[in-house]
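**Q** From first to last, the protein sequence lines are chains A and B. When the letters of the first sequence are read in order and numbered with my numbering, they come out as residues 1101 to 1301. When the letters of the second sequence are read in order and numbered with my numbering, they come out as residues 1101 to 1301. For each residue, glycine too, the CB sits at the ideal point set by N, CA and C. Note that the coordinates shown come from a computational prediction; the quantities given were computed from them, not determined experimentally. A single structure is presented below for examination.
Protein chains: 2
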Amino acid sequence: MAPRVLRTPSLKIGPEVLGATLHILDEEGPDGLTVRAIAKRAKVAPMTIYNHFNGKNGLLEIIWTEGFSTLQRALSIDGGEPAHDLFASALAYRTFALEHRAHYTVMFVHHFEGFQPSIEATQLAVQTFQVLVSHIQRCQAVGLFEGYSATNAAQMIWSACHGYVSLEITSVNFSSDFEGTFRSLITGLLRGLGPSATTPV
Amino acid sequence: MAPRVLRTPSLKIGPEVLGATLHILDEEGPDGLTVRAIAKRAKVAPMTIYNHFNGKNGLLEIIWTEGFSTLQRALSIDGGEPAHDLFASALAYRTFALEHRAHYTVMFVHHFEGFQPSIEATQLAVQTFQVLVSHIQRCQAVGLFEGYSATNAAQMIWSACHGYVSLEITSVNFSSDFEGTFRSLITGLLRGLGPSATTPV
DNA sequence: ACTACTATAGAACATTGTTCCACATGAATG
DNA sequence: CATTCATGTGGAACAATGTTCTATAGTAGT
Chain A
1101 MAPRVLRTPS
1111 LKIGPEVLGA
1121 TLHILDEEGP
1131 DGLTVRAIAK
1141 RAKVAPMTIY
1151 NHFNGKNGLL
1161 EIIWTEGFST
1171 LQRALSIDGG
1181 EPAHDLFASA
1191 LAYRTFALEH
1201 RAHYTVMFVH
1211 HFEGFQPSIE
1221 ATQLAVQTFQ
1231 VLVSHIQRCQ
1241 AVGLFEGYSA
1251 TNAAQMIWSA
1261 CHGYVSLEIT
1271 SVNFSSDFEG
1281 TFRSLITGLL
1291 RGLGPSATTP
1301 V
Chain B
1101 MAPRVLRTPS
1111 LKIGPEVLGA
1121 TLHILDEEGP
1131 DGLTVRAIAK
1141 RAKVAPMTIY
1151 NHFNGKNGLL
1161 EIIWTEGFST
1171 LQRALSIDGG
1181 EPAHDLFASA
1191 LAYRTFALEH
1201 RAHYTVMFVH
1211 HFEGFQPSIE
1221 ATQLAVQTFQ
1231 VLVSHIQRCQ
1241 AVGLFEGYSA
1251 TNAAQMIWSA
1261 CHGYVSLEIT
1271 SVNFSSDFEG
1281 TFRSLITGLL
1291 RGLGPSATTP
1301 V
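The structure is reproduced here in structure tokens:
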């Protein structure tokens, strides 16, 4: 006698599948992320991933979008002193990466074959970068980062954050104190880009 | 009548296959790098790649090793003033990446499924990092970078270089002047890490 | 209770890395 | 020069991948 086959209620499918995707990314890394593995983990038929999402790429796009939304919120710090907010944003960038490894992997670390974020998703990423630019502009309004275009300065700071964090997240960090060295990096860079004696934070 | 099948002379196979691999990486990116594509381009049977190298991973390992050897040489600048040499090394890092995109991709940018460099290959990478550490130590001997461990300082500088270059190489650079912004980044960072008024280069 | 969705299993296809095979080529040996 | 032997060749074959199609059957709304 054929065993009774239960269907997963439609409303639960979305969270179930997304959760499985993130779990697999966290536990097995990008290589373990196959459609069949996701389906199995979510207790769902592989086809469902094509019905509900747009296949594997659809899932990745959702994670990308979720990730940039969260990151954008995390970077939008407006507590008071511009230089302090900028520094806090840099720390928040690293915190986001460590707390959302799966998202960060999809957004920045791993290239998934055949996955290209849509135009809207790409614009969301650009918006996130603009948050950094705004921080710089607020700093410039109080005399910091003179002589640099805000975009160029933002690119520098982002490069430092991204470089450090992506090396840390892929276990290529020889430093003795991961967080301390990151703070030193950001502090040093901000000091070096600012006027002679500026010491943010 | 069967067409006469020509064999590639053994001695030419190595360079031919490696050249094809680099060409494909440059022109089609990592996704286009399939064993069959390499074989076709090198006018060689797919099997040859398993006889001469250790399959696709063997090829990648050769490129990795070649890459780190070249990079290590490029970073080993010992012209005179320590701070100047360190700055020149940072510029050389970027130049290496731009001039050897395929190598840099294998070394730092793209994760190839199933490829893990051997222990010796990994040690070569560590050696390369040590070149940076040596630069820092020479700088510290003349009073720069006080208060930082050489390893931590090297990690910071490498992070900045890697972050900027990997973003540039993947076309995620909003800066108006790619080289100029990179120079600003390094100059700024070195200034910020050094004593108050140090201006390398 | 009946009908319209839609989730399911399973087969199927192309592409991937990889292995196995029989055969033919080219270089070294006698 | 003739023979031998290592090795490059083409082709089939395997498992795993993303993806599509089909017929079936469970679920939800009327």
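Say whether the stretch 1188 to 1205 of chain A touches the stretch 1259 to 1276 of chain A, bearing in mind that this needs 3 or more beta-carbon pairs closer than 8 Å, one atom from each stretch.
**A** With the cut-off at 8 Å, the stretch 1188 to 1205 of chain A and the stretch 1259 to 1276 of chain A touch.
**Q** Can you say whether Met1207(B) is buried or exposed, counting buried as having 16 or more other CB atoms within 10 angstroms of its CB?
**A** Answer is buried; the Cβ neighbour count reaches 16.
**Q** Do we get a CB-CB distance below 8 Å when we pair His1210(A) with the residues of chain B?
**A** Interface residue, yes.
**Q** Candidates Leu1224(A), Val1135(A), Asn1154(A): which alpha carbon is nearest Pro1146(A)'s?
**A** Answer by Cα proximity: Val1135(A).
**Q** Any idea what DSSP makes of Tyr1150(A), helix, strand or coil?
**A** Correct three-state label for Tyr1150(A): helix.
**Q** Output needed in chain order: residues of the stretch 1216 to 1247 of chain B with a Cβ under 7 Å from some Cβ in chain A.
**A** Listed by position, the residues of the stretch 1216 to 1247 of chain B near chain A (Cβ gap below 7 Å) are Phe1229.
**Q** Relative to the C-alpha of Leu1122(B), which candidate in Asn1154(B), Leu1160(B), Ser1176(B) has its C-alpha closest?
**A** Residue Leu1160(B) is the option with its Cα nearest to Leu1122(B).
**Q** Terminal residues of the continuous alpha helix (DSSP H) containing Leu1285(A)?
**A** Segment 1278 to 1293, the alpha helix (DSSP H) holding Leu1285(A).
**Q** Does the stretch 1177 to 1189 of chain B touch the stretch 1241 to 1251 of chain B, meaning 3 or more C-beta pairs lie closer than 8 Å?
**A** Flag = yes, the stretch 1241 to 1251 of chain B and the stretch 1177 to 1189 of chain B touch.
**Q** Where does Ser1169(A) fall in DSSP's three states?
**A** Ser1169(A) falls in the helix class under three-state DSSP.
**Q** Using the Cβ count rule (16 or more neighbours within 10 Å means buried), how would you classify Ser1275(A)?
**A** Under this definition Ser1275(A) is a buried residue.
**Q** What are the residues of the stretch 1183 to 1206 of chain A that lie near chain B, defined by any Cβ-Cβ distance shorter than 7 Å?
**A** Here the close residues number zero.
**Q** Could you check whether the Cβ of Asp1131(A) sits closer than 8 Å to any Cβ belonging to chain B?
**A** For Asp1131(A), the answer is yes, since a Cβ of chain B falls inside 8 Å of its Cβ.
**Q** So which residues on chain A does Thr1121(B) lean against when the C-beta distance must stay under 9 Å?
**A** Those within 9 Å of Thr1121(B) in chain A number zero; the least Cβ separation is about 17 Å.
**Q** Should Ala1285(B) and His1235(B) be called a contact, given that it needs their Cβ atoms to be closer than 8 Å?
**A** One point to set straight first is that residue 1285(B) is Leu, not Ala, in the sequence displayed. Contact: no.
**Q** Does DSSP put Glu1213(A) in a helix, a strand or coil?
**A** It is coil, neither helix nor strand.
**Q** Roughly how far, in whole angstroms, is the beta-carbon of Leu1232(B) from the beta-carbon of Ile1257(B), given that I think they are within contact range, below 8 Å?
**A** So it is a contact: roughly 6 Å between Cβ atoms.
**Q** Counting C-beta neighbours from all protein chains within 10 Å, is the total for Ser1266(B) 16 or more, i.e. buried, or is it exposed?
**A** It is buried - the Cβ of Ser1266(B) has at least 16 other Cβ atoms within 10 Å.
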